[in-house]
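The number in our numbering is simply the position in the sequence shown, starting from 1, with 23 added.
Worksheet for the structure shown next.
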Amino acid sequence: MKNFRQSYYNAFSRFYDRFVALHSVDAHGALRRFFSDKVPVKESDFVLDICTGTGSLLLYLREKIGPKGLVVGIDFSRGMLKVGQAKTKMYVNISLVESDVAYLPFKPNELDAVTCTHAFYELKGETQDRVLREIVRVLKPGKPFLMMEHDVPKSALIRVLFYIRLFSMGAKRALYILRHEIRTLERYFRIVEKISSPTGRSKILICWS
Ligand SMILES: C[S@@+](CC[C@H](N)C(=O)[O-])C[C@H]1O[C@@H](n2cnc3c(N)ncnc32)[C@H](O)[C@@H]1O
Numbered sequence: 024m025k026n027f028r029q030s031y032y033n034a035f036s037r038f039y040d041r042f043v044a045l046h047s048v049d050a051h052g053a054l055r056r057f058f059s060d061k062v063p064v065k066e067s068d069f070v071l072d073i074c075t076g077t078g079s080l081l082l083y084l085r086e087k088i089g090p091k092g093l094v095v096g097i098d099f100s101r102g103m104l105k106v107g108q109a110k111t112k113m114y115v116n117i118s119l120v121e122s123d124v125a126y127l128p129f130k131p132n133e134l135d136a137v138t139c140t141h142a143f144y145e146l147k148g149e150t151q152d153r154v155l156r157e158i159v160r161v162l163k164p165g166k167p168f169l170m171m172e173h174d175v176p177k178s179a180l181i182r183v184l185f186y187i188r189l190f191s192m193g194a195k196r197a198l199y200i201l202r203h204e205i206r207t208l209e210r211y212f213r214i215v216e217k218i219s220s221p222t223g224r225s226k227i228l229i230c231w232s
């Protein structure tokens with residue numbers, strides 16, 4: 024099943040960036056800029072973006088942590104990472120790692136922030152719990168995890184696609200997450216805040232360990 028998922032993302036990687044630009048009506052990255060502005064990091068910090076895909080968010084995060092910091096993007100799709108490599112290889116403060124996010128290859132209390140955009144809903148139910156435990160393990164005490172997800176779309180067609188994607192994590196988990204997303208995060212984090220993107224199409228959850 025994991026190999027099937029990886030193959031699906033590998034195939035998707037060829038047109039993923041164009042699809043995102045069309046779907047989010049965001050060819051200029053305003054949504055990623057808005058999200059990255061909310062990530063409370065400073066010069067020299069060590070940041071991780073899980074399920075980084077083609078690494079688009081890394082380009083914004085790297086500006087915040089400067090040349091002495093490091094932002095690492097992790098993904099299990101070689102196809103996505105290949106596209107990401109072409110976009111980021113000129114920056115010394117970006118690194119891409121091929122790995123399943125169920126096991127984060129970091130020591131405890133090592134990271135200043137962890138991010139995840141438009142990917143958490145695609146993880147299998149048991150992987151979601153595993154990842155949240157891993158994020159808490161690798162974050163320094165009191166440091167944040169920020170996640171961005173699509174809100175339930177207003178247009179009927181896009182709403183159908185949204186629910187298909189959500190239910191790919193398993194029906195029981197999908198229904199639970201829809202009703203109890205904040206409660207789920209509160210099992211792992213001390214404080215969970217929710218804000219909306221300027222377009223109202225995405226939500227950002229800011230979780231403090
Ligand atoms: C919809 S894309 C989102 C990519 C990126 N975060 C963005 O905002 O454009 C979901 C990504 O999650 C990755 N992914 C899904 N399950 C994963 C897992 N268990 N371990 C690592 N990466 C995973 C996929 O390979 C894919 O690149």
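Built from N, CA and C at the ideal position, the CB exists for glycine as well.
Residues 36 of the same chain have their beta carbon placed closer than 8 Å to that of residue 105, with the five preceding and five following residues left out of the count.
Segment contact: the stretch 30-44 against the stretch 85-96, fewer than three CB-CB distances shorter than 8 Å; contact not assigned. Not one heavy atom of ligand 1 is found less than 7 Å from the C-beta of residue 227.
In the DSSP assignment, residue 152 falls within the alpha helix (DSSP H) that extends over 148-161.
With respect to residue 82, residue 110 sits close: the two C-beta atoms are nearer than 8 Å. If you keep only unbroken beta strand (DSSP E) runs of at least 3 residues inside the stretch 33-81, you get 69-73.
Residue side-chain check: residue 145 places its Cβ nearer than 7 Å to a non-hydrogen atom of ligand 1. In the DSSP assignment, residue 184 falls outside any beta strand (DSSP E) and within the unbroken alpha helix (DSSP H) covering 179-190.
Shortest gap from the CB of residue 28 to any heavy atom of ligand 1: under 7 Å.
Residue pairing for residue 118: DSSP places it in a beta bridge opposite 95. By the 16-neighbour rule on beta-carbons within 10 angstroms, residue 132 is exposed. In the displayed model, residue 106 falls within a helix according to three-state DSSP.
Between residue 168 and residue 212, the C-beta gap is smaller than 8 Å, which places the two residues in contact.
Taking residue 158 as the centre and dropping the five residues before and after it, the same chain places the C-beta of 137 and 168 closer than 6 Å to its C-beta, in chain order.
For residue 194, the enclosing alpha helix (DSSP H) has its first and last residue at 194-209.
In chain order, the residues positioned with their C-beta nearer than 5 Å to some heavy atom of ligand 1 are 32, 74, 76, 98, 99, 100, 103, 123, 124, 140, 141 and 142.
Exposed is the label assigned to residue 66, since fewer than 16 other Cβ atoms lie within 10 Å of its Cβ.
Per DSSP, the unbroken beta strand (DSSP E) holding residue 219 starts and ends at 214-219. Taking C-beta separations shorter than 7 Å and ignoring five residues to either side along the sequence, the partners of residue 122 in its chain run 97, 99 and 128, following chain order.
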